[in-house]
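Take the position in the sequence shown, starting the count at 1, then add 886; the result is the number in the working numbering. By construction, the Cβ of each residue, glycine as well, lies at the ideal position given by its N, Cα and C atoms. This structure is a prediction, so every number in the text was calculated from the model and none was measured. Below is one structure; the comments refer to it alone.
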Amino acid sequence: MHEEMIEYLKNTPEGVTSAVLAELFLKIKNANNTFTHTAITSILSKDKRCYIDKDGLWHIKLRPASDGEPFESEPLRAVFLISHPSDTGRKILYAALWEIVTEPRMLWNRWLVDSENQLASDQKFLLTGSDTFTPLSHYDTELKTLTTLLSEVTPVYFSSYEHTALRSACYSKNIILNDDAIYVTDLLSAAKIEFLQPVSPVSCAKELFGTDITFQNVHRQGEQFTSCILELLRQIKTQGIETREDFDKINIDEISRFLEGKSYTFEQIYSLPQSEGIYGFKDKNGSYLYIGRTGNLKRKITGFFRDINAVSGKLRTLLSQSDSLITHPCGSELESSLYEYRLIGKYTPSFNSKPPAHDLKNRPASTGSHIIIQPHISDSKIVAFLIHEQKKIIIRSIDVPSGFDNKLLQEIQTFFFEPGAQTEKSDPFESQIVYPWIQHQADSIAVIPVHNFKDGSEVLRFMKTSIPF
């Protein structure tokens, strides 16, 4: 049934509603939208190929290339960003997404500020020619649109600095950005091209094409940036770097020497799954130095070591002091985010920052009591998040269908319907993680509104009927 759904989605590129899929494949007719959406989401949310758009239509994502396939087979997209010069590059003014094919083609672009006046005086040239300024309407919506587009492809940024700036902007809005990325600075290194610092999209275009785009508008600069990527991919191909694996391993000898004497190797890193998860670096005494989460364990950790000779600062110190690497795949973004927060609180790694207290000023309002169903790393299980505004969130792995038993019933009854039961109080920082996540993912997750049921038996009965086994 699952693969039949996938095949149907492949043949229906315009998208399909949960109700249509439920009628075709589950033989459920005339059911309420909540029921059909929960049923279909419980099936398709486990499949990384599937996603649901803002109109509630299910689609199939572009298929990422495997490490052994040529770059031409991988859905690469250039991410062109313009930042404010007086804000250390952290204030993103403009973002554009370009297709990297035989010639550059713009797919999406937005100004991320309300007024032209927010541009620096020496940035007004960005609006010359046919480019006009369109004021930002909804910052969160545009940022979410961009991250959704990037989740389906392999982004190419100029450097890790731009990637970090966009990640920070997303983090401030509780939006998770794709960790997989390729950097032009690494392509330059792979192509063995060196020129005077500072390296920038402007200096890169001048070096590769002899073109000065310093005072060109944003469209022309984005086009030239994408052309630079195309040229660099052509140049590294002539040096035998044709696949993602070739690219990731160009400095394998230097990386191996750096890791000598440690309890983990680059081959172990490269064998990690390309899945959601948490990871931690430990020192020789077994103490955690750093704990983090990522949407792609392999890509995130491989990226730390790609150009080990160029790594500096805090990251260099962390990698030098590390002796072992611990990883744990997770079934969902929510699972990894909560475990990351809890583990940092438990072990207080020296390289992690504590959550800023001022974040609590913007704590989102509770949306009631819920059970959220998310995929498990095992196909035979699901993960249930029991959420109550006054109690600490419970994360429970459930075998399907044997785990829908009296033990689970009692846990649901006690947690949601017995006010006097002894449970840990809610953690405001966990609420800061969960409630915005629910709001952003409302159309694509299976949510059971417990506050609409009278007791645990009704909740469990709904779970059994809405989650096909």
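Test item: CB-CB of residue i and residue j under 8 Å
i, j, result
"ILE986", "LEU1073", "no"
"ILE1138", "PHE1152", "yes"
"LYS1277", "THR1300", "no"
"THR1071", "ALA964", "no"
"GLU958", "THR1040", "no"
"LEU1377", "ILE1187", "Given a span of 887 to 1355 for the chain in the structure shown, any question on residue 1377 remains unanswerable."
"TYR1227", "GLU1316", "yes"
"GLU893", "PHE911", "no"
"ASN1003", "TRP1323", "no"
"ILE1099", "VAL1088", "yes"
"LYS1148", "SER1208", "yes"
"GLU1140", "PRO956", "no"
"GLN1160", "ASN1182", "yes"
"PRO1261", "SER1045", "no"
"TYR1150", "TYR1233", "no"
"PHE1144", "ILE1062", "no"
Cβ-heavy atom distance, residue i to the ligand ATP, below 7 Å
i, result
"LEU1220", "No copy of the ligand ATP occurs in the structure displayed, which carries no ligand at all."
Of the residues the options, the one placed nearest residue i, counting alpha carbons only
i, options, result
"TYR1225", "PHE1044, TYR1165, THR1033 and HIS1024", "TYR1165"
"ILE1230", "ILE1280, LEU998 and LYS1168", "LYS1168"
"LYS1267", "GLU1219, GLN1121, THR1071 and PRO1287", "PRO1287"
"VAL999", "ASP1291, PHE1303, THR1027 and ARG963", "THR1027"
"PHE1303", "GLU1275, SER1317, ILE1281 and VAL1320", "GLU1275"
"ARG996", "SER969, ALA1006 and THR988", "SER969"
"ARG1356", "THR1124, GLY954 and ARG1106", "Outside the modelled stretch of the chain, which goes from 887 to 1355, sits residue 1356, for which no answer is possible."
"CYS1076", "HIS945, GLY1126 and TRP944", "Contrary to the premise, residue 1076 reads as Ala rather than Cys in this sequence. For the residues HIS945, GLY1126 and TRP944, the minimum Cα distance to ALA1076 belongs to GLY1126."
"GLU1146", "LEU1205, GLN1327 and LEU967", "LEU1205"
"LEU1032", "ILE978, PRO899 and GLU890", "ILE978"
"PHE1290", "LEU1052, THR920 and LYS1350", "LYS1350"
"CYS1056", "GLN1102, GLN1154 and ALA981", "ALA981"
"PRO990", "ASP1313, LEU1013, GLN1009 and LEU962", "LEU962"
"ARG1282", "SER1218, ASP1313, LYS1340 and ASP1329", "SER1218"
"GLU1080", "SER1236, TYR1025 and LEU1118", "LEU1118"
"HIS945", "TRP984, THR920 and LEU895", "LEU895"
"ASP933", "ASP939, HIS888, THR922 and ASN918", "HIS888"
"ALA1067", "ARG935, ASP1329 and GLY1189", "GLY1189"
"CYS1114", "GLN1327, TYR1069, ASN897 and VAL1197", "TYR1069"
"LEU983", "LEU1052, ASP1313 and ASN918", "LEU1052"
"ILE938", "PHE1339, LYS1340 and GLN1327", "GLN1327"
"LEU1029", "PHE1339, SER1058 and ASN1171", "SER1058"
"GLN1102", "GLN1009, PHE921, THR988 and ALA1196", "GLN1009"
"LYS1078", "ILE1122, CYS936 and GLN1107", "ILE1122"
Assumed close pair residue i, residue j - CB separation to whole angstroms, cut-off 8 Å
i, j, result
"THR1180", "ASP1285", "Rounded, the Cβ-Cβ distance is 27 Å, inconsistent with contact."
"ILE1280", "LEU1272", "4 Å"
"ASP1134", "ARG1192", "6 Å"
"VAL1104", "LEU1035", "Not really, about 18 Å apart at Cβ, beyond 8 Å."
"ILE1038", "LYS940", "In the sequence on display, residue 1038 carries Glu and not Ile. Incorrect: roughly 14 Å between the Cβ atoms, too far for contact."
"SER942", "ASP1329", "Reading off the sequence shown, one finds Gly at residue 942, where the question assumed Ser. Rounded, the Cβ-Cβ distance is 6 Å, consistent with contact."
Environment of residue i [buried if 16+ CB atoms lie within 10 Å]
i, result
"GLY1199", "exposed"
"GLN1110", "buried"
"ALA993", "Checking the sequence shown, residue 993 turns out to be Leu, not Ala. The residue is exposed, with fewer than 16 neighbouring Cβ atoms inside 10 Å."
"PRO1305", "exposed"
"VAL1006", "For the sequence presented, residue 1006 should be read as Ala rather than Val. Looking at its Cβ environment, which holds fewer than 16 other Cβ atoms inside 10 Å, ALA1006 is exposed."
"PHE966", "buried"
"THR1124", "exposed"
"ASN916", "exposed"
"TYR1223", "Here residue 1223 turns out to be Ser, not Tyr, going by the sequence shown. Looking at its Cβ environment, which holds 16 or more other Cβ atoms inside 10 Å, SER1223 is buried."
"VAL1269", "buried"
"HIS1337", "exposed"
"ASP1245", "Low confidence applies to ASP1245: its pLDDT is 49, below 50, so where it sits in the model is not reliable, and the reading given next is rough at best. Its Cβ having fewer than 16 others within 10 Å, ASP1245 is exposed."
"ALA1243", "For ALA1243, the predicted model reports a pLDDT of 43, less than 50, meaning its position is unreliable and no value from the coordinates is stated."
"SER1352", "buried"
"GLU1048", "buried"
"GLU900", "exposed"
"HIS923", "buried"
"ARG1185", "buried"
"LEU1201", "exposed"
"GLN1325", "exposed"
"ASP1172", "It is Gly, not Asp, that sits at residue 1172 in the sequence shown. By the neighbour-count rule (16 or more Cβ atoms within 10 Å), GLY1172 is not buried but exposed."
**Item:** Contact the stretch 1253 to 1269 vs the stretch 1344 to 1354: 3+ CB pairs below 8 Å
**Value:** yes
**Request:** Would you check if the stretch 1195 to 1214 and the stretch 1091 to 1099 touch, i.e. whether three or more CB-CB distances between them fall below 8 Å?
**Result:** no
**Request:** Please confirm if the stretch 1324 to 1338 is in contact with the stretch 911 to 928, defined as three or more CB-CB distances below 8 Å between the two stretches.
**Result:** yes
**Asked** Does the stretch 897 to 914 come close enough to the stretch 1288 to 1299 to have 3 or more Cβ pairs within less than 8 Å?
**Response** no
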